[in-house]
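Working notes, beginning with the structure itself.
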Amino acid sequence: MIICLLCLIFEIIDASLKQSYSFYVGFDGTTGLQASGAYIFRPSGTYPIGSQKQVGPIPIGDGVGKEIATKISTTIKSNETFYTDSNGRDFIERIQDYRADWDREVNQPIAGNYYLLSVLVDRSVGGSSIVDGELELMLHRRLLYDDGKGVTKAINETAYVGNDCRGLAVSISFYY
Ligand SMILES: *[C@@H]1O[C@H](CO)[C@@H](O)[C@H](O)[C@H]1NC(C)=O
Ligand SMILES: *[C@@H]1O[C@H](CO)[C@@H](O)[C@H](O)[C@H]1NC(C)=O
Numbered sequence: 029m030i031i032c033l034l035c036l037i038f039e040i041i042d043a044s045l046k047q048s049y050s051f052y053v054g055f056d057g058t059t060g061l062q063a064s065g066a067y068i069f070r071p072s073g074t075y076p077i078g079s080q081k082q083v084g085p086i087p088i089g090d091g092v093g094k095e096i097a098t099k100i101s102t103t104i105k106s107n108e109t110f111y112t113d114s115n116g117r118d119f120i121e122r123i124q125d126y127r128a129d130w131d132r133e134v135n136q137p138i139a140g141n142y143y144l145l146s147v148l149v150d151r152s153v154g155g156s157s158i159v160d161g162e163l164e165l166m167l168h169r170r171l172l173y174d175d176g177k178g179v180t181k182a183i184n185e186t187a188y189v190g191n192d193c194r195g196l197a198v199s200i201s202f203y204y
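Residue numbering for the sequence shown follows the working numbering, beginning at 29 and increasing consecutively.
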């Protein structure tokens, strides 16, 4: 799925553009509720972090799984609306907290507005437009609980660097 930002991109030529980073706390599934995991994005809280050259290893020493996202913010008034596109076959209008086919009860204001999309990226990433004029992309995830949807383990991938086993890191470059 490709996010359609053509309308935004043409306007961006004149709009100021700011990029920032933050992480979501992955919900831990306490009280028997659904945990954030491989298939389930269920954030509980978000915190800004500084500019990143490489994402990861994601620290988990505090016992908290994290999902790192970047936001590209503009002053464009997008009226809570953006468009995704299934490989050029179908534009779908996305209106924040709204579904055309049923009355949506908003329990997850972030995850409920997230879609799988590609923005000329070198891998698929999750993303959305939660705030008007803003494009948000998920960059990396490291979670400590299984979401119970089939993988049967936490998304806690590691690699050896020398003798040190650490969380995977993602190198990132943005061109716009
Ligand atoms: C903003 O979005 C709402 C809901 O989709 C729509 O009814 C309204 O016409 C839009 N306003 C503008 C200025 O496009
Ligand atoms: C996550 O990976 C680290 C490093 O391999 C390991 O020490 C830790 O026990 C793992 N935690 C979970 C919940 O998988």
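Positions of the beta carbon are idealized from the N, C-alpha and C atoms, including for glycine. The model shown is predicted, which means the values in this text are computed figures rather than measured ones.
ask   = Alpha carbon to alpha carbon, how far is residue 117 from residue 190?
value = Taking the sequence shown and counting its residues from 1, the one referred to as residue 117 is at position 89. Taking the sequence shown and counting its residues from 1, the one referred to as residue 190 is at position 162. Going by the C-alpha atoms only, they are around 46 angstroms apart.
task = Report whether the distance from the Cβ of residue 184 to the nearest heavy atom of ligand 2 is below 8 angstroms.
result = Numbered from its first residue, the sequence shown carries residue 184 at position 156. Correct: residue 184 has its Cβ closer than 8 angstroms to ligand 2.
ask   = Do you know offhand how far residue 125's Cα is from residue 192's?
value = Start at 1 with the first residue of the sequence shown, and residue 125 comes out as number 97. Start at 1 with the first residue of the sequence shown, and residue 192 comes out as number 164. Roughly 44 angstroms between the two C-alpha positions.
ask   = Would a check of beta-carbon distances place residue 191 closer than 9 angstroms to chain D?
value = Given the protein chain composition of this structure (a single chain), no chain D is represented.
key: Validate contact between the stretch 162-174 and the stretch 58-78 using beta carbons, cut 8 angstroms, 3 pairs   = yes
request  = Go ahead and pull the three-state DSSP assignment for residue 60.
outcome  = What you label residue 60 is simply residue 32 of the sequence shown in a count that begins at 1. Helix at residue 60.
request  = List in chain order the residues whose CB is within less than 6 angstroms of at least one heavy atom of ligand 1.
outcome  = 107, 109, 123
request  = Please name the residue in 179, 52, 151 whose C-alpha comes closest to that of residue 98.
outcome  = Here residue 98 is taken as the residue at index 70 of the sequence shown, counted from 1. Nearest in C-alpha terms to residue 98, of all of 179, 52, 151, is 52.
inquiry  = Using CA atoms only, rank isn't needed, just tell me which of 182, 114, 165, 144 is closest to residue 48.
reply    = For the purposes of this step, residue 48 is identified with residue 20 of the sequence shown, where counting begins at 1. Nearest option by C-alpha distance: 165.
query = Three-state secondary structure (DSSP) at residue 197?
reply = Looking up residue 197 in the sequence shown gives position 169. Three-state result, residue 197: coil.
message = Classify residue 83: buried if its beta carbon has 16 or more other beta carbons within 10 angstroms, exposed otherwise.
response = On the sequence shown, position 55 is the one that residue 83 refers to. Residue 83 is buried by the Cβ-count criterion.
key: Backbone CA spacing between residue 141 and residue 156 [nearest angstrom]   = Translated into positions along the sequence shown, residue 141 becomes position 113. Translated into positions along the sequence shown, residue 156 becomes position 128. Cα to Cα, the separation comes out at about 6 angstroms.
CA-to-CA distance, residue 102 to residue 44, given in whole angstroms = In the sequence shown, residue 44 corresponds to position 16, counting from 1. In the sequence shown, residue 102 corresponds to position 74, counting from 1. Cα to Cα, the separation comes out at about 6 angstroms.
request  = In angstroms with no decimal places, state the Cα-to-Cα distance between residue 30 and residue 144.
outcome  = Counting from one through the sequence shown, the residue named residue 30 turns up at place 2. Counting from one through the sequence shown, the residue named residue 144 turns up at place 116. Since pLDDT at residue 30 reaches only 47, below the 50 mark, its modelled position is unreliable, and no value is offered.
ask   = Would you say residue 70 touches ligand 2, meaning its beta carbon is less than 8 angstroms from a heavy atom?
value = Translated into the one-based positions of the sequence shown, residue 70 becomes position 42. No, the Cβ of residue 70 stays beyond 8 angstroms of every heavy atom of ligand 2.
query = Going along the chain, which unbroken runs of the beta strand (DSSP E) with 3 or more residues stay wholly within the stretch 155-185?
reply = 162-170
key: DSSP three-state assignment for residue 89, whether helix, strand or coil   = Numbered from 1 along the sequence shown, position 61 holds the residue referred to as residue 89. Residue state, collapsed to three classes: coil.
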